[in-house]
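**Student:**
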């Protein structure tokens, strides 16, 4: 078995920054933290992983994401979903072989956790590939400023609003709406006047 490669970091001094400050910034850099985790877990895979190169690879991935290229994230999520599904299958098989209730329960719970996490990872991947309509609406509203969207409600045109205003004024002033009533009243009065003339004629002939 080969010995694990020693990863020694050499920092290039920056002007106006102490060595301690520079080392602290380096160790807190997300790329460094990711590379440290990889370096701490690479003994089961390879002892020849270069932490500094791992840091560079992570940095390249960050630059791609900033430019909108999410292909690496898609690969990562898919790989995680497959690995979690394998973990689910393995834990399920081990639980089925147990006769001890406590151990069986523990393995079963871990099995369901792996299954749920795999499902969540798949859902995250789907959302990444196919953003929901709500996300598009939010993005459109942010891009175009404040807007109000009324689904299924027809908006009144300025002409309709003007007509509605006129109708309200007519009701308040009692003009146009009374015009129809006035015409109707005039018709009734005319009929009554006609009937009055007839009765007057009958009365006149009866008196004579």
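Residue numbers (full-length UniProt numbering): 1 to 208. Ideal Cβ positions, reconstructed from N, Cα and C, are used throughout, including at glycine. Given the structure is predicted, the values throughout are model-derived calculations rather than measurements.
#1: Does DSSP classify residue 13 as helix, strand or coil?
#2: Just verifying my parser: in three-state terms, what is the DSSP assignment at residue 30?
#3: With 16 other CB atoms within 10 Å as the buried threshold, where does residue 63 fall?
#4: How long is the line joining the alpha carbons of residue 116 and residue 31, rounded to whole angstroms?
#5: So, with DSSP's three-state summary, where would you put residue 124?
#6: Exposed or buried, what is residue 121 when buried is set at 16 or more other beta-carbons lying within 10 Å of its beta-carbon?
#7: Is the distance from the Cβ of residue 77 to the Cβ of residue 65 below 9 Å?
#8: Nearest-angstrom Cα distance between residue 68 and residue 127?
#9: Report the three-state DSSP secondary structure of residue 98 (helix, strand or coil).
#10: Closer than 7 Å by C-beta to residue 112: which residues in its own chain qualify, once you throw out the five before and the five after it? Chain order, please.
#11: Nearest to residue 90 by alpha carbon, out of 79, 130, 81 and 114?
#12: For residue 55, count the other beta carbons within 10 Å of its own beta carbon; 16 or more makes it buried, fewer makes it exposed. Which is it?
#13: Apart from the five residues just before and just after residue 34, which ones in its own chain have a Cβ nearer than 8 Å to its Cβ?
#14: Do you know whose CA, among 109, 29 and 14, lies nearest residue 52's CA?
#15: Quick check on DSSP: helix, strand or coil for residue 130?
**Tutor:** Quick look at the numbers:
#1: In the structure shown, residue 13 sits in coil (DSSP, three-state: anything other than H, G, I, E or B).
#2: helix
#3: exposed
#4: 29 Å
#5: When DSSP states are grouped into helix, strand and coil, residue 124 belongs to the helix group.
#6: buried
#7: no
#8: Cα to Cα, residue 68 sits roughly 15 Å from residue 127.
#9: coil
#10: Once the five neighbours on either side are set aside, residue 112 has no close Cβ partner at all.
#11: Comparing Cα positions, the closest option is 114.
#12: buried
#13: 54, 55 and 58
#14: 29
#15: Coil at residue 130, not helix or strand.
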